[in-house]
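A.B. asks:
Numbering (the working numbering), first residue to last: 166 to 487.
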């Protein structure tokens with residue numbers, strides 16, 4: 166703050182200091198252009214980009230066949246009219262398939278495979294990779310079930326709320342009086358406070374904050390458990406914006422079941438216990454509970470209305486089970 170008061174030093178615009186979230190959360194190292202941040206589009210009258218980058222985190226390393234969940238997901242995302250690039254973060258111990266075995270996509274949709282060269286880190290899914298040039302990021306788990314209509318609709322919602330996390334799988338937190346601590350639940354109720362980043366849009370600035378601004382203790386908690394990175398991203402965005410995420414449509418089940426009786430890491434009983442612990446650690450480090458509840462769900466116009474399908478823009482969404 167003092168440095169910016171010196172005439173020879175660069176200073177930030179008064180708009181940054183006098184509007185939420187303030188200058189301390191608008192880091193100048195990210196960009197010197199205000200429209201590159203998610204907070205000022207309304208004030209500046211600037212609309213977000215009309216494209217997004219899909220980042221798929223691959224941890225399971227499934228078979229390189231056309232029917233695999235990862236390959237189906239890549240093809241579904243590539244059908245979106247708004248996708249600029251698909252990036253696969255390959256975090257499996259198995260080597261990635263050769264380039265010739267990956268799905269063939271339109272020339273307008275580059276596919277990049279980034280294999281982690283060092284110790285696997287689940288936070289790599291939120292690293293500000295130089296390949297990500299669009300403001301919007303579609304964060305996906307490799308076994309996600311989204312259709313191209315669901316992708317396009319969620320992106321249209323994100324363009325109206327570029328400072329929020331917009332997505333499909335919702336979770337909630339609550340205060341447990343008996344234990345005197347915060348609890349985490351996946352039960353479907355009338356409200357939620359978390360939208361998991363296994364199928365969600367958010368602004369790429371949050372990757373920068375996640376990597377360069379968060380406390381090392383928070384990163385250590387995620388790395389030790391190899392879990393909770395999605396909860397931490399929700400903590401970060403709610404802390405910055407003081408607003409809850411936004412859930413779209415009725416979809417509840419957003420992951421495919423593992424084939425052949427294999428178990429996904431997310432189905433491990435310890436996974437849920439770790440998330441309870443993470444929730445309380447994060448709240449302690451932040452000094453308060455930043456997560457906020459919401460009971461809002463956004464659906465497409467004419468969703469479930471008894472009118473001709475020809476009048477509906479996102480027709481596939483109505484065929485998706487809850």
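Virtual Cβ for every residue (Gly too), placed ideally from N, Cα, C.
Could you check where the beta strand (DSSP E) with residue 306 kicks off and where it finishes?
C.D. replies: Reading the chain shown from its first residue, position 141 is the one you call residue 306. Segment 301-306, the beta strand (DSSP E) holding residue 306.
A.B. asks: Please tell me whether residue 245 and residue 316 are closer than 8 Å, where the distance is taken between their beta carbons.
C.D. replies: Numbered from 1 along the chain shown, position 80 holds the residue referred to as residue 245. Numbered from 1 along the chain shown, position 151 holds the residue referred to as residue 316. Yes, the pair counts as a contact, with Cβ atoms nearer than the cut-off.
A.B. asks: Return the first residue and the last residue of the beta strand (DSSP E) that residue 348 is part of.
C.D. replies: Stepping through the chain shown from its first residue, residue 348 is reached at position 183. It spans 346-350 - the beta strand (DSSP E) in which residue 348 sits, taken as one unbroken run.
A.B. asks: Please report whether the beta-carbon of residue 197 lies at a distance below 8 Å from any beta-carbon of chain E.
C.D. replies: The question asks about chain E, but that chain is absent: this structure has only one protein chain.
A.B. asks: Less than 7 Å between the CB of residue 390 and some heavy atom of the ligand COA, yes or no?
C.D. replies: Only the bare structure without any ligand can be found here, which leaves the ligand COA out of the picture.
A.B. asks: Measuring straight from C-alpha to C-alpha, what distance separates residue 206 and residue 183?
C.D. replies: The residue you call residue 206 lines up with position 41 of the chain shown. The residue you call residue 183 lines up with position 18 of the chain shown. Taking the straight line from one Cα to the other gives about 15 Å.
A.B. asks: If you measure between the beta carbons of residue 419 and residue 363, is that distance less than 8 Å?
C.D. replies: Locating residue 419 in the chain shown gives position 254, where the first residue counts as 1. Locating residue 363 in the chain shown gives position 198, where the first residue counts as 1. Yes. Within cutoff.
A.B. asks: Which two residues bound the contiguous alpha helix (DSSP H) that contains residue 313?
C.D. replies: Taking the first residue of the chain shown as position 1, residue 313 is located at position 148. Start and end: 313-325.
A.B. asks: Would DSSP call residue 190 helix, strand or coil?
C.D. replies: Indexing the chain shown from 1 puts residue 190 at position 25. The answer is helix: DSSP assigns residue 190 an H, G or I state.
A.B. asks: Using the Cα positions of residue 450 and residue 220, report the straight-line distance between them to the nearest angstrom.
C.D. replies: One-based indexing of the chain shown puts residue 450 at position 285. One-based indexing of the chain shown puts residue 220 at position 55. Cα to Cα, residue 450 sits roughly 28 Å from residue 220.
A.B. asks: If I follow the unbroken beta strand (DSSP E) through residue 368, where does it start and stop?
C.D. replies: As a position in the chain shown, residue 368 is number 203, starting the count at 1. Residues 364-368.
A.B. asks: Please check the pair residue 241 and residue 311, which I expect to be a contact at CB under 8 Å, by giving their CB distance rounded to whole angstroms.
C.D. replies: On the chain shown, residue 241 is found 76 positions in, with the first residue counted as 1. On the chain shown, residue 311 is found 146 positions in, with the first residue counted as 1. Yes, they are in contact, since the Cβ atoms of residue 241 and residue 311 sit about 6 Å apart, within 8 Å.
A.B. asks: Could you tell me which uninterrupted beta strand (DSSP E) segments, each at least 3 residues in length, are contained entirely in the stretch 390-444, listed from first to last along the chain?
C.D. replies: Here the runs fully enclosed are 411-413.
A.B. asks: Looking at the secondary structure, which residues open and close the alpha helix (DSSP H) in which residue 220 lies?
C.D. replies: If you number the chain shown from 1, residue 220 lands on position 55. From DSSP, residue 220 is part of no alpha helix (DSSP H) but of the beta strand (DSSP E) over 217-223.
A.B. asks: Does the count of Cβ pairs from the stretch 336-344 and the stretch 253-264 closer than 8 Å reach three?
C.D. replies: In short, these stretches do not touch, since the Cβ pair count stays below three.
A.B. asks: Thinking C-beta only, is residue 263 closer than 8 Å to residue 278?
C.D. replies: Here residue 278 refers to the residue found at position 113 when the chain shown is read from its first residue. Here residue 263 refers to the residue found at position 98 when the chain shown is read from its first residue. No, these two residues do not count as a Cβ contact at 8 Å.
A.B. asks: Can you tell me the Cβ-Cβ gap for residue 301 and residue 320, rounded? I've got them flagged as a contact below 8 Å.
C.D. replies: Working through the chain shown from its first residue, we reach residue 301 at position 136. Working through the chain shown from its first residue, we reach residue 320 at position 155. Contact flag correct, Cβ pair sits at about 7 Å.
A.B. asks: Decide if the stretch 189-202 is in contact with the stretch 370-382; the criterion is three or more beta carbon pairs, one per stretch, under 8 Å apart.
C.D. replies: Contact between the stretch 189-202 and the stretch 370-382 is present, because at least three Cβ pairs lie under 8 Å.
A.B. asks: For residue 267, which of 273, 239, 349 and 250 has the nearest alpha-carbon?
C.D. replies: As a working note, residue 267 is residue 102 in the chain shown. Comparing Cα positions, the closest option is 239.
A.B. asks: Residue 237 and residue 329: beta carbons closer than 8 Å?
C.D. replies: Working through the chain shown from its first residue, we reach residue 237 at position 72. Working through the chain shown from its first residue, we reach residue 329 at position 164. No; because the gap between Cβ atoms is not below 8 Å, this pair is not in contact.
A.B. asks: Suppose you measure from the CA of residue 213 to the CA of residue 327; what does that come to, to the nearest Å?
C.D. replies: Your numbering for residue 213 matches position 48 in the chain shown. Your numbering for residue 327 matches position 162 in the chain shown. Their Cα atoms are separated by approximately 7 Å.
A.B. asks: Measure the CB-CB distance between residue 357 and residue 459 and report whether it falls below 8 Å.
C.D. replies: Stepping through the chain shown from its first residue, residue 357 is reached at position 192. Stepping through the chain shown from its first residue, residue 459 is reached at position 294. Contact flag set, yes.
A.B. asks: I need the DSSP call for residue 357, collapsed to helix, strand or coil.
C.D. replies: Locating residue 357 in the chain shown gives position 192, where the first residue counts as 1. DSSP places residue 357 in strand when its eight states are reduced to three.
A.B. asks: Pull up the distance between the alpha-carbon of residue 286 and that of residue 391, whole angstroms please.
C.D. replies: Mapped onto the chain shown, residue 286 falls at position 121. Mapped onto the chain shown, residue 391 falls at position 226. Each residue's alpha carbon lies about 7 Å from the other.
A.B. asks: Measure from the alpha carbon of residue 448 to the alpha carbon of each residue in 462, 349 and 252, then state which is nearest.
C.D. replies: Along the chain shown, one-based indexing puts residue 448 at 283. Nearest of 462, 349 and 252 to residue 448, Cα basis: 349.
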